[in-house]
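Residue numbers (mature numbering (1 follows the signal peptide of the UniProt record, and there is no 0)): -20 to -1, 1 to 327. Even glycine gets a Cβ: it sits at the ideal position worked out from N, Cα and C.
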């Protein structure tokens, strides 16, 4: 299986490890097991790219009513597959796209048997399972394909501290940091790449899980084995946990803004604005760090009021043992102790 995701974890202190957190705990899970992903038809893309989802009608009787008599419907399934979102419907000359796909999708139409879907400018929200339904006379086909976007998973908790997000808050928290709530498959790949995090977080199917590579008493027990620990489905309004977010390649420039003096949070945000940019988000730092190899040993403000710094080359006094995004904390925004990371999107 192609490992899409390289993962990074937030540390609780400057000296803590990016791949483990021995000070935070999660109660005993419903189960603890190493899980294999099922075989699925998958297509891999990067954010902002164009991609084709294949769907062909394999005729058994050698007859065809031509494209005029063919009905094609593409839908996107929700994370728990309980709902379908219309993407595109085609009947003869009549074609219509819907919602966020409006103006971004079209049929390939290479020949009468081809119902493949072209998606332009792939976004994080496009990730998931798509269903193609084709009816052509006596012939019909239902085909499913999963669109994956290359990126990075990171755990997130707000200024209020751990276990303060219901599912809807978690969705907004990830969105605010240029990311979306991660899927089970994405967290699984992150765990395979070494992610070890002892705080339980929401996934996009409404389940709550956490990845353990180093079993220990404080994180479900030493005998429970490595794997994804699951609390199962939780009440999306009442239950409160952290969240695992997923972000991908950034369309713009992430950078450290050189300033003569340290800044308060408000001064930092204004400095980025004066430079024609905006104060960077947590997801943008993770994407720049993991996907572009960004490395800077300076603590800087980010848009959520946190202070972090990205290290791709471990070294003394920065991140001695591991490549990591280091988490300093959520300091008083009036403190003039830090610089700032900015993000300038492409015009």
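Buried or exposed (CB count within 10 angstroms, at least 16 for buried), residue i
i           : result
residue 297 : exposed
residue 123 : buried
residue 106 : buried
residue 169 : buried
residue 209 : buried
residue 198 : exposed
residue 279 : buried
residue 79  : exposed
residue 62  : exposed
residue 246 : exposed
residue 295 : exposed
residue 194 : exposed
residue 316 : exposed
Run of the alpha helix (DSSP H) containing residue i, from where it starts to where it stops
i           : result
residue 249 : 245 to 254
residue 264 : 262 to 272
residue 169 : 164 to 172
8 Å contact criterion, which residue i and residue j should meet: CB distance rounded
i           : j           : result
residue 285 : residue 142 : With 8 Å as the limit, residue 285 and residue 142 do not qualify as a contact, their Cβ atoms being about 16 Å apart.
residue 108 : residue 127 : 6 Å
residue 166 : residue 110 : Actually they do not touch by this definition, with Cβ atoms about 17 Å apart.
residue 258 : residue 164 : Wrong, their Cβ atoms sit about 32 Å apart, outside the cutoff.
residue 345 : residue 263 : No statement about residue 345 is possible, as the shown extent of the chain runs from -20 to 327 and does not include it.
residue 125 : residue 25  : That belief does not hold up - the Cβ atoms of residue 125 and residue 25 are roughly 12 Å apart, past 8 Å.
residue 360 : residue 182 : With the chain running from -20 to 327 in the structure shown, residue 360 is simply not present.
CA-to-CA distance, residue j to residue i, given in whole angstroms
i           : j           : result
residue 35  : residue 133 : 30 Å
residue 152 : residue 91  : 42 Å
residue 129 : residue 204 : 31 Å
residue 237 : residue 265 : 13 Å
residue 135 : residue 69  : 38 Å
residue 260 : residue 253 : 11 Å
residue 234 : residue 268 : 7 Å
residue 273 : residue 50  : 48 Å
residue 243 : residue 292 : 25 Å
residue 71  : residue 155 : 36 Å
residue 73  : residue 120 : 19 Å
residue 185 : residue 196 : 27 Å
residue 27  : residue 229 : 6 Å
residue 75  : residue 64  : 18 Å
residue 222 : residue 115 : 44 Å
residue 240 : residue 256 : 18 Å
residue 377 : residue 326 : The structure shown does not extend to residue 377, since the chain is modelled only from -20 to 327, so the question has no answer here.
residue 22  : residue 32  : 11 Å
residue 321 : residue 249 : 9 Å
residue 112 : residue 145 : 35 Å
Terminal residues of the beta strand (DSSP E) in which residue i lies
i           : result
residue 222 : 222 to 228
residue 98  : 97 to 99
residue 87  : 85 to 87
residue 113 : 108 to 116
residue 154 : Looking at the DSSP string, residue 154 is not in any beta strand (DSSP E); the run it does join, the alpha helix (DSSP H), is 147 to 156.
residue 235 : 232 to 236
residue 135 : 131 to 136
residue 55  : 50 to 57
Fill in: Cβ pair count under 8 Å reaching 3, the stretch 70 to 84 against the stretch 95 to 112
Taking 8 Å as the limit for Cβ pairs, the verdict is that the stretch 95 to 112 does touch the stretch 70 to 84.
Worksheet item: If we count Cβ pairs, one from each stretch, closer than 8 Å, do we get three or more for the stretch 300 to 311 versus the stretch 214 to 222?
Response: no
Practice prompt. Determine, using beta-carbon pairs with one atom in the stretch 307 to 316 and one in the stretch 274 to 294, whether at least three such pairs fall under 8 Å.
Written response: yes
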